[in-house]
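K.L.:
Number of protein chains: 2
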Amino acid sequence: MNFYNKYLDIVKKNNSYVCVGLDTDIKKIPQCLKSADNPMLEFNKQIIDATKDYVAAYKPNFAFYISEGITGIKTLKETIAYIPSHIPVIIDIKAGDIGNTMEQYAKSMFCDFKCDAITINPLMGADVFDACFKIKDAYVFALALTSNPSAKDFFKHHELSDKIATTINSYGVIKTGAVVGATQTQDLTNMRNLMPETIFLIPGVGAQGGDLEKVVQLAKHNTQNPNFLINSSRGIIYANNCQTEEFAQKAQEACLNLKNQINKLLLT
Amino acid sequence: MNFYNKYLDIVKKNNSYVCVGLDTDIKKIPQCLKSADNPMLEFNKQIIDATKDYVAAYKPNFAFYISEGITGIKTLKETIAYIPSHIPVIIDIKAGDIGNTMEQYAKSMFCDFKCDAITINPLMGADVFDACFKIKDAYVFALALTSNPSAKDFFKHHELSDKIATTINSYGVIKTGAVVGATQTQDLTNMRNLMPETIFLIPGVGAQGGDLEKVVQLAKHNTQNPNFLINSSRGIIYANNCQTEEFAQKAQEACLNLKNQINKLLLT
């Protein structure tokens, strides 16, 4: 089943639009896990156990795994294998390269790591998308407008982000979503107009300072089918900066809290 | 020693501007190595032994290593460790993300894999560069204009590539180079004008169809200090599609041939 259908099923089952970002930083893992065989993996497993009934997706951030070398790569693979198969997994790798190289990334991410979607950087154009779609059931979230302070440098160059959004829309909602930064609330309406039914992956709520109320209001497709995923990484997995065995419970509370907040805002 | 100084030394020592792209595809490794313990590593070692006196840099392409999973990552690390330390190594990963994530990539590539430079995708703006420069002696090659068929889709949007080039130039030649695609020969003069002394990393000669004569003429800073690296991957490492033990010798011939062609063109 491809990402799109998994998404439709899970938001019904879990009644959630929360994507939990697994940006697992070895330096931030609670003290109580430091002596585990593989602290990163043990941390991820407990986070997944605690949140799996309240999420719509998990999004491991590739950078945090490669930065732990071979152990990190092993951990990424084992983490994805541990996630229940009905919950979609997005590897956040922001890959973008020429055709033959993108094919290697796509093969690796979809067939070896067995994720359901990857994030891509569209700067190099259609080749980036097309190479991924050589893999059956591949789904990509392309960067349309990001939430970091310097996003304006190039995304805002003569409405480049509009042009990217139009491209994303042309690939169709079954195969292509959009990363749309939540700190740019003034742009959310515009992005939604350009991509009416596309699933938005929205980072930047929480640590990056996005305003949840505006995001839900402006980024949703409609109330029944908002067609978005609201990502929180640090705000959930390191909730309350908890260093004891209660960290997973704190993460669960943060996840449930975000889920409920979003659902409440969808009703208003 | 940072990449910039290594580059200045090696082009003098080896009298070469050739960058060998180590896009080592397990499916293209010669038959004669298929039974080796680690065919990818053995292949790379023999290519390095055969070409090390004729190159200015090596550029392993991250995608081809991650696509072999844990073995691939191990091979990437061992390959870089095998390259003589006076030859600069560029990991082609085209990373581009928010600050805290880019710091993970930079830490991994420069401190763990111990490369001298990485390629970055500048779409997300200054944050991508700045996070890398938190690492002492970090050097980045940012995509300014690529050589793939769909490069025009966004790089050509209201001269986005000019704006990126101006940004690259502003970071200074000691820390920042530019990836400039060789198939866009009509743009090389423009790119050189915007980045007069920047080191250009020029892919696309050979398999991607770039015209070497025009590239050397138009992309050089000047004849004494052309300030470029001309990359060839498939054209050198799979020279003549050789399947026998002569593959490394064929690679050496292809590398030497490219080196001599470039040097001859620099004299005219």
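Protein sequence lines, in the order shown, are assigned to chains A and B. Quick note: the first sequence uses the working numbering, first residue 10, plus one each step. Quick note: the second sequence uses the working numbering, first residue 10, plus one each step. Note that CB positions come from ideal geometry on N, CA and C, so glycine has one too.
1) For the beta strand (DSSP E) that contains residue 154 (chain A), what are its first and last residues?
2) Can you tell me whether residue 140 (chain B) is buried or exposed? The criterion is at least 16 other CB atoms within 10 Å of its CB, across all chains shown.
3) Could you please tell me which residues of the segment 178-198 of chain B, in chain order, have their CB closer than 8 Å to any CB of chain A?
4) Taking a Cβ distance cut-off of 7 Å, strictly less, list which residues of the segment 52-84 of chain B are near chain A, in chain order.
5) Are the segment 37-45 of chain A and the segment 81-95 of chain A touching by the rule of at least three beta carbon pairs closer than 8 Å?
6) If you measure from the CB of residue 58 (chain A), is any heavy atom of the ligand HEM nearer than 7 Å?
7) Between the segment 121-129 of chain B and the segment 156-168 of chain B, do at least 3 Cβ pairs fall closer than 8 Å?
8) Taking all protein chains shown into account, do 16 or more other C-beta atoms lie within 10 angstroms of the C-beta of residue 222 (chain B), making it buried, or fewer, making it exposed?
9) Closest to residue 98 (chain B) by CA distance: which of B:252, B:61 and B:137 is it?
10) DSSP on residue 184 (chain B), reduced to helix/strand/coil?
11) Please state if the CB of residue 206 (chain B) and the CB of residue 236 (chain B) are separated by a distance shorter than 8 Å.
12) Counting along the chain, where does the alpha helix (DSSP H) carrying residue 209 (chain A) start and finish?
13) Can you list, in chain order, the residues of its chain with a C-beta nearer than 7 Å to that of residue 178 (chain A)? Leave out the 5 residues immediately preceding and following it.
14) Run through the segment 61-149 of chain B for me and flag every whole alpha helix (DSSP H) of 4 or more residues, listed as ranges in chain order.
15) Are any of the Cβ atoms in chain A nearer than 8 Å to that of residue 160 (chain B)?
16) Quick one: list the residues of chain B neighbouring residue 114 (chain A), beta-carbon separation under 8 Å, in chain order.
17) Alpha helix (DSSP H) containing residue 264 (chain A): first to last residue?
18) Expressed to the nearest angstrom, what Euclidean distance is found between the alpha-carbon atoms of residue 74 (chain B) and residue 38 (chain B)?
19) Using a cut-off of 7 Å between C-beta atoms, extract the partners of residue 136 (chain B) located in chain A.
20) In the DSSP assignment, find the beta strand (DSSP E) that holds residue 214 (chain B) and state where it starts and stops.
21) When you compare only the Cα positions, how much space is there between residue 57 (chain A) and residue 227 (chain A)?
22) Of all the CB atoms in chain A, is at least one closer than 8 Å to the CB of residue 269 (chain B)?
23) Based on DSSP bridge pairs, tell me the residues matched to residue 239 (chain B).
24) For residue 176 (chain A), count the other beta carbons within 10 Å of its own beta carbon; 16 or more makes it buried, fewer makes it exposed. Which is it?
P.N.:
Answer, in terms of the structure:
1) Here the question's residue 154 (chain A) lines up with position 145 in the first sequence. Start and end: 149-154.
2) Here residue 140 (chain B) refers to the residue found at position 131 of the second sequence. It is buried - the Cβ of residue 140 (chain B) has at least 16 other Cβ atoms within 10 Å.
3) none
4) 70, 72, 73, 75, 76, 78, 79, 82 and 83
5) no
6) This structure does not include the ligand HEM; it has no bound ligands of any sort.
7) no
8) Counted from its first residue, the second sequence places residue 222 (chain B) at position 213. That one is exposed.
9) Within the second sequence, residue 98 (chain B) is the residue found at index 89, counting from 1. Residue B:61 is the option with its Cα nearest to residue 98 (chain B).
10) One-based indexing of the second sequence puts residue 184 (chain B) at position 175. Reduced to three states, the DSSP call for residue 184 (chain B) is coil.
11) The count along the second sequence starts at 1 and reaches residue 236 (chain B) at position 227. The count along the second sequence starts at 1 and reaches residue 206 (chain B) at position 197. Against a cut-off of 8 Å, the Cβ pair of residue 206 (chain B) and residue 236 (chain B) comes out as a contact.
12) Position 200 of the first sequence, counted from the start, is the residue given in the question as residue 209 (chain A). Not the alpha helix (DSSP H): residue 209 (chain A) falls in the beta strand (DSSP E), residues 209-211.
13) By 1-based counting over the first sequence, the position of residue 178 (chain A) is 169. Cβ within range, chain order: 203, 204 and 207.
14) 71-75, 78-91, 108-115 and 135-141
15) Numbered from its first residue, the second sequence carries residue 160 (chain B) at position 151. Chain A contact via Cβ: present.
16) In the first sequence, counting from the first residue as 1, residue 114 (chain A) sits at position 105. In chain order: 72, 75 and 76.
17) Position 255 of the first sequence, counting from 1, holds the residue named residue 264 (chain A). Residue 264 (chain A) -> alpha helix (DSSP H) spans 256-276.
18) Counted from its first residue, the second sequence places residue 74 (chain B) at position 65. Counted from its first residue, the second sequence places residue 38 (chain B) at position 29. Their backbone Cα atoms lie some 13 Å apart in a straight line.
19) Residue mapping note: residue 136 (chain B) aligns to position 127 of the second sequence, counting from 1. Per Cβ cutoff of 7 Å: 157, 158 and 159.
20) Working through the second sequence from its first residue, we reach residue 214 (chain B) at position 205. Unbroken run through residue 214 (chain B): none, as it is neither H nor E.
21) Residue mapping note: residue 57 (chain A) aligns to position 48 of the first sequence, counting from 1. Residue mapping note: residue 227 (chain A) aligns to position 218 of the first sequence, counting from 1. Residue 57 (chain A) and residue 227 (chain A): Cα-Cα distance of roughly 29 Å.
22) Residue mapping note: residue 269 (chain B) aligns to position 260 of the second sequence, counting from 1. Chain A, which has no Cβ nearer than 8 Å to the Cβ of residue 269 (chain B), makes this no.
23) Within the second sequence, the letter at position 230 stands for residue 239 (chain B). Looking at the DSSP assignment, residue 239 (chain B) forms a beta bridge with B:27 and B:211.
24) Here residue 176 (chain A) refers to the residue found at position 167 when the first sequence is read from its first residue. Burial call: buried.
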